[in-house]
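**Student:** Got a structure here, written out as structure tokens. Questions coming.
Protein chains: 2
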Amino acid sequence: MILHGYYRSSATYRVRIALALKGMEAVQTYHHLGRGEHRSPDYLALNPQGRVPALETDTGEVLTQSLAIIEWLEETCPSPALLPGDGVQRAHIRAFSQVIACDIQPLQNTGPLNRLRTLGADEAAVTEWIRAAMRDGFSACEALIARTGGVFCFGDTPTLADVCLVPQLYNARRHSLDLTPFARLVAADAACARLDAFRSAAPEAQPDAE
Amino acid sequence: MILHGYYRSSATYRVRIALALKGMEAVQTYHHLGRGEHRSPDYLALNPQGRVPALETDTGEVLTQSLAIIEWLEETCPSPALLPGDGVQRAHIRAFSQVIACDIQPLQNTGPLNRLRTLGADEAAVTEWIRAAMRDGFSACEALIARTGGVFCFGDTPTLADVCLVPQLYNARRHSLDLTPFARLVAADAACARLDAFRSAAPEAQPDAE
Chain S
1 MILHGYYRSS
11 ATYRVRIALA
21 LKGMEAVQTY
31 HHLGRGEHRS
41 PDYLALNPQG
51 RVPALETDTG
61 EVLTQSLAII
71 EWLEETCPSP
81 ALLPGDGVQR
91 AHIRAFSQVI
101 ACDIQPLQNT
111 GPLNRLRTLG
121 ADEAAVTEWI
131 RAAMRDGFSA
141 CEALIARTGG
151 VFCFGDTPTL
161 ADVCLVPQLY
171 NARRHSLDLT
181 PFARLVAADA
191 ACARLDAFRS
201 AAPEAQPDAE
Chain C
211 MILHGYYRSS
221 ATYRVRIALA
231 LKGMEAVQTY
241 HHLGRGEHRS
251 PDYLALNPQG
261 RVPALETDTG
271 EVLTQSLAII
281 EWLEETCPSP
291 ALLPGDGVQR
301 AHIRAFSQVI
311 ACDIQPLQNT
321 GPLNRLRTLG
331 ADEAAVTEWI
341 RAAMRDGFSA
351 CEALIARTGG
361 VFCFGDTPTL
371 ADVCLVPQLY
381 NARRHSLDLT
391 PFARLVAADA
401 ACARLDAFRS
411 AAPEAQPDAE
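From first to last, the protein sequence lines are chains S and C. Per the numbering used here, residue 1 is the first one in the first sequence, and the count goes up by one each step. Per the numbering used here, residue 211 is the first one in the second sequence, and the count goes up by one each step.
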């Protein structure tokens, strides 16, 4: 398999963690977003949306959208499970993940941020825009795991929720967000940081890191 | 079951369609977003994120995030399948759905739009912001179904892709987006409009429609 990504793309970071947790191998190919390499004709032929990540499977299929890729990994290699438990537990894990993937992360993508700047927003306003989305979303995530036990978001093994949380907290720290109100999230993140799968997937561990 | 929603919320609209396609019954409860009813103490006790939809199951669980709810419906009532086919097909259907749920819809939520206005954007700029997200996302969706057959997005039965597409095209028309470049999407939408499940779930068919 070939994973097309960028070291600091949080959606790519999610897929790297999922692959590592499942012990699946993928050749990593990097496309520098700042230099527009995701808009090259070759990459657009592969993924017309021009976004990372994209996963080329061994049968030549090109899969896109990080959560769709991870659901495919889960179906292809069910163990260790990233969506463990019963249906209700899986619904809560997916809801937590979607707060991050739908309600936080899209608002801090390059496209919307550049559009904000063309509307006249200065860098302080852009940073506050990013932080506001994270504060709202993290509050929802913190509430969603208020009654779960274990060291990770949903018990004693990492799930899709942790796979989404860790890259988002990485971004939160880049933007100096005060994480004091999110003690459960910070604790789960610390538990993840003790696992090789999360450490090997970190942006600074990638060959294209700057 | 009880579905908490609002007639014009596109995420609630998705869940209404999925319930109707599967022939599942839910009592519908409406929360007027314009009047802030989703921020009432009673509703926040149910869903701390203060968003619609939320689904109360017969066992008293509260499920949130539309795609997580629909995956739960799919697991609970597998037929008719909204994620049919093999793993790769399911990955493509989920990717299409996530382009809408992650890359388009969050950018047109009330929160970000109000923040745009506080940054000084006038209504023309807000509308152009909404349209830009739809143009980008619909282009990706149109490409994702370029090689599928059938009258719906992915074959001859409606899938999660159609469940997400129809509410987004409803929003596109509200914002007078030119749909000419998206012939495949418009054709799938027209096929859906011939089904009772889609018609009964439409915003104007809801008792809280204004």
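Heads up, the beta-carbon is just placed ideally off N, CA and C, and yes, glycines get one too.
1. Would a C-beta distance cut-off of 8 Å place isoleucine 104 of chain S and glutamine 49 of chain S closer than the cut-off?
2. Just to confirm my understanding: we take threonine 337 of chain C, look at its own chain, exclude 5 residues before and 5 after, and list those with CB closer than 7 Å. What are they?
3. Starting from the beta carbon of proline 53 of chain S, find every residue of chain C whose beta carbon is closer than 8 Å, and list them in chain order.
4. In terms of alpha-carbon separation, which member of C:Val298, C:Arg261 and C:Glu285 lies closest to threonine 59 of chain S?
5. Using the beta-carbon count (16 or more within 10 Å), is arginine 304 of chain C buried or exposed?
6. Name the DSSP beta bridge partners of valine 272 of chain C, please?
7. Count the other CB atoms, across all protein chains shown, that sit within 10 Å of the CB of alanine 400 of chain C; report buried if there are 16 or more and exposed otherwise.
8. Please report the straight-line C-alpha distance between glycine 36 of chain S and threonine 29 of chain S, rounded to a whole angstrom.
9. Does the stretch 134-145 of chain S come close enough to the stretch 181-190 of chain S that 3 or more CB-CB pairs lie under 8 Å?
10. Is the shortest distance between the beta-carbon of isoleucine 279 of chain C and the beta-carbons of chain S less than 8 Å?
11. Beta-carbon separation of proline 203 of chain S and alanine 209 of chain S under 8 Å?
12. When the Cα of alanine 187 of chain S is compared with those of S:Arg117, S:Val166 and S:Pro78, which residue comes out closest?
13. Kindly provide the ranges of any alpha helix (DSSP H) runs that are 4 or more residues long and lie completely inside the stretch 127-175 of chain S, ordered along the chain.
14. Run down chain S in chain order and give the residues with a C-beta less than 7 Å from the C-beta of aspartate 313 of chain C.
15. Where do the ends of the beta strand (DSSP E) carrying threonine 29 of chain S lie?
16. Where cysteine 102 of chain S and glutamate 333 of chain C are concerned, what is the direct C-alpha to C-alpha distance, given to the nearest angstrom?
17. At a CB-CB cut-off below 9 Å, which residues of chain S make contact with valine 298 of chain C?
18. Name the chain C residues whose beta carbon is nearer than 7 Å to that of arginine 115 of chain S?
19. Flag this pair as touching only if the stretch 283-295 of chain C and the stretch 352-368 of chain C have three or more C-beta atom pairs under 8 Å; answer yes or no.
20. Between the stretch 274-285 of chain C and the stretch 228-236 of chain C, do three or more beta carbon pairs fall short of 8 Å?
21. Per DSSP, leucine 213 of chain C forms a beta bridge with which residues?
22. Just to check my reading of the structure: phenylalanine 154 of chain S and histidine 92 of chain S have Cβ atoms closer than 8 Å, yes? What is that Cβ distance to the nearest angstrom?
23. What residue does the alpha helix (DSSP H) around glycine 321 of chain C start on, and which one ends it?
24. Residues in the same chain with beta-carbon distance under 8 Å from glutamate 75 of chain S, minus the five sequence neighbours each way, listed in chain order, please.
25. Going by alpha carbons, who is nearest to isoleucine 2 of chain S out of S:Tyr43, S:Arg39, S:Arg117 and S:Ala143?
26. Measuring alpha carbon to alpha carbon, tell me which of S:Pro41, S:Leu73 and S:Arg90 ends up nearest glutamate 25 of chain S.
27. By Cβ distance, which residues of its chain are closer than 8 Å to serine 219 of chain C, with the 5 residues on each side in sequence left out?
28. Which of helix, strand or coil does DSSP assign to proline 106 of chain S?
29. Quick one: does alanine 353 of chain C have its CB under 8 Å from some CB of chain S?
30. For a test of the three-state rule: what should DSSP assign to threonine 390 of chain C, helix, strand or coil?
**Tutor:** Answer, in terms of the structure:
1. Residue 104 of chain S sits at position 104 when you count from the first residue of the first sequence. Residue 49 of chain S sits at position 49 when you count from the first residue of the first sequence. Contact annotation: isoleucine 104 of chain S and glutamine 49 of chain S have beta-carbon atoms that are not nearer than 8 Å.
2. As a working mapping, residue 337 of chain C is identified with position 127 in the second sequence. Within the same chain, threonine 337 of chain C has close Cβ partners His385.
3. Translated into positions along the first sequence, residue 53 of chain S becomes position 53. Those do not exist, as proline 53 of chain S stays about 11 Å from chain C at its closest Cβ, beyond 8 Å.
4. Numbered from 1 along the first sequence, position 59 holds the residue referred to as residue 59 of chain S. It is C:Val298.
5. Position 94 of the second sequence holds residue 304 of chain C. Arginine 304 of chain C comes out buried.
6. Here residue 272 of chain C refers to the residue found at position 62 when the second sequence is read from its first residue. Paired residues: C:Glu266.
7. By one-based count along the second sequence, residue 400 of chain C stands at place 190. By the 10 Å Cβ count, alanine 400 of chain C comes out exposed.
8. Position 36 of the first sequence holds residue 36 of chain S. Position 29 of the first sequence holds residue 29 of chain S. About 15 Å.
9. yes
10. Within the second sequence, numbered from 1, the residue matching residue 279 of chain C stands at position 69. Closer than 8 Å: yes.
11. In the first sequence, counting from the first residue as 1, residue 203 of chain S sits at position 203. In the first sequence, counting from the first residue as 1, residue 209 of chain S sits at position 209. Going by C-beta atoms, proline 203 of chain S is nearer than 8 Å to alanine 209 of chain S.
12. Here the question's residue 187 of chain S lines up with position 187 in the first sequence. Considering only S:Arg117, S:Val166 and S:Pro78, the residue with the shortest C-alpha distance to alanine 187 of chain S is S:Val166.
13. Scanning the stretch 127-175 of chain S for uninterrupted alpha helix (DSSP H) segments of 4 residues or longer gives 160-174, listed from N- to C-terminal end.
14. For the purposes of this step, residue 313 of chain C is taken as the residue at position 103 of the second sequence. The answer, in chain order, is Pro106.
15. As a first step, residue 29 of chain S is located in the first sequence; it is residue number 29 there, counting from the start. Run containing threonine 29 of chain S: 27-30, per the beta strand (DSSP E) assignment.
16. Counted from its first residue, the first sequence places residue 102 of chain S at position 102. Counted from its first residue, the second sequence places residue 333 of chain C at position 123. When rounded, the distance between both Cα atoms is 24 Å.
17. Here residue 298 of chain C corresponds to residue number 88 of the second sequence, with the count starting at 1. Within chain S, the C-beta atoms nearer than 9 Å to that of valine 298 of chain C come from Thr57, Thr59, Glu61, Leu63 and Trp72, in chain order.
18. For the purposes of this step, residue 115 of chain S is identified with residue 115 of the first sequence, where counting begins at 1. Near arginine 115 of chain S (Cβ distances below 7 Å), the residues of chain C are Trp339 and Ala342.
19. yes
20. Yes, the stretch 274-285 of chain C is in contact with the stretch 228-236 of chain C.
21. Position 3 of the second sequence, counted from the start, is the residue given in the question as residue 213 of chain C. According to DSSP, which records beta bridges pairwise, leucine 213 of chain C is partnered with C:Gln238 and C:Leu265.
22. The count along the first sequence starts at 1 and reaches residue 154 of chain S at position 154. The count along the first sequence starts at 1 and reaches residue 92 of chain S at position 92. That pair is a contact at about 7 Å.
23. For the purposes of this step, residue 321 of chain C is taken as residue 111 along the second sequence, with counting starting at 1. Start and end: 320-328.
24. Indexing the first sequence from 1 puts residue 75 of chain S at position 75. Closer than 8 Å at Cβ, skipping near neighbours: no residue.
25. Along the first sequence, read from residue 1 onward, the residue named residue 2 of chain S stands at position 2. Measuring from the Cα of isoleucine 2 of chain S, the nearest candidate turns out to be S:Tyr43.
26. In the first sequence, counting from the first residue as 1, residue 25 of chain S sits at position 25. Nearest option by C-alpha distance: S:Leu73.
27. Within the second sequence, numbered from 1, the residue matching residue 219 of chain C stands at position 9. Excluding positions up to five away in sequence, the list reads Leu243, Val262 and Pro263.
28. Within the first sequence, the letter at position 106 stands for residue 106 of chain S. Reduced to three states, the DSSP call for proline 106 of chain S is helix.
29. Locating residue 353 of chain C in the second sequence gives position 143, counting from the first residue. Alanine 353 of chain C counts as touching chain S.
30. The count along the second sequence starts at 1 and reaches residue 390 of chain C at position 180. Note: threonine 390 of chain C maps to coil in three-state DSSP.
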